[in-house]
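Taking it in order: structure first as structure tokens, then the write-up.
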Amino acid sequence: MYNIRPQALKAANPPLRGRRGGGSLWFISLMCLFMTSCGLFDVDEIGVETAMEMQLPQDTFYVMVGDTFAINPVFTPDTVNITDLYFLPVNNDVVAVRGVNKLEAVGEGGTKIYITSVSARIQDSCMVYVGPRWETATRVWPYETVFYAHVTVDGKPLTEDMEVAAFVGNECRAIGRPMVSQGISYICLRVGSTILYDETEDDWIGGEDDEYDADDVDDNYLPRINFRCYDHAHRILYTTSTHAFFDGEAHGSLSDLFEIKF
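Numbered according to this note's numbering, the sequence shown spans residues 557 to 818.
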């Protein structure tokens, strides 16, 4: 499936996380002096080498097609300054390298990315998943189900870098960002549909261009509405078990908001 096997890459570039050593005492002393002068690791006041590590801010990143982004490792100790970092995506059809620590999401899918410093003999990796950009159709929907919602992520309110979307199947039907009214923070999602189920007639009203799988409807064939939250700052996608079904009604108000918890 891949051009490069992770096992082979690891064997070719074994990470070194900890103390360096080996050889005669004079050779060790000489190498420590050289490496310290190059800024690859620090030596404490009694001449003992300080262990150096590289750690990524997270193991998994989620980005959208067309995004350019960077992955900034954290080094220990923080006095270490390593500039020869190389980024190697396993699948260049998903993520491509565009410059020094500059990556571009070029296609949907997932790929592992190896981050390596040749001089420091340090390597780490992460997964990057690329999804489609959140965009809603420009057409005017004849029917809407509306949500006035209070949204939290891990128990905390949304930040300005976050947005919430409502999906029917895999189609994005509405996007909302935090708003404030009368001192109350909320989002508004207007989820559109071309069809509406009429309980009195036990039949659908409207066009027939919306088709749903059995898993996406309830017992009355109402389309299931799922919610997702995206943190643009940290490149994290949140999903939730909270869902609703399209019924053409308004859910929640400023005095009694619909709860969505990620």
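Quick reminder that beta carbons are idealized off the backbone N, C-alpha and C, glycines included.
Predicted model, so just to flag it, every value in this text is computed and none were measured.
Within its own chain, the residues whose Cβ lies closer than 6 Å to the Cβ of VAL662, once the five positions on either side in sequence are excluded, are ALA652, listed in chain order. Given a length threshold of 3 residues, each whole run of the beta strand (DSSP E) inside the stretch 705–734 is given here in chain order: 718–724 and 727–732. Buried is the label assigned to ALA800, since at least 16 other Cβ atoms lie within 10 Å of its Cβ. Counting of Cβ neighbours within 10 angstroms places ILE743 among the buried residues, the total reaching 16 or more.
Between the alpha carbons of VAL724 and THR796 lies a gap of roughly 14 Å. Under the three-state reduction of DSSP output, ASP615 falls in the coil class, being neither helix nor strand. Inter-residue distance for GLY808 and PHE802 is about 14 Å (C-alpha atoms, whole angstroms).
Residue pairing by DSSP places GLU660 opposite THR624 and ALA652 in a beta bridge.
The stretch 667–682 makes no contact with the stretch 730–744, as fewer than three CB pairs between them are under 8 Å. For ILE669, the beta-bridge partners assigned by DSSP are PRO645 and CYS682. Spatial neighbours of TRP697 in its own chain (CB-CB distance under 7 Å, excluding positions within 5 residues in sequence) are listed in chain order as GLY748, SER749 and THR750.
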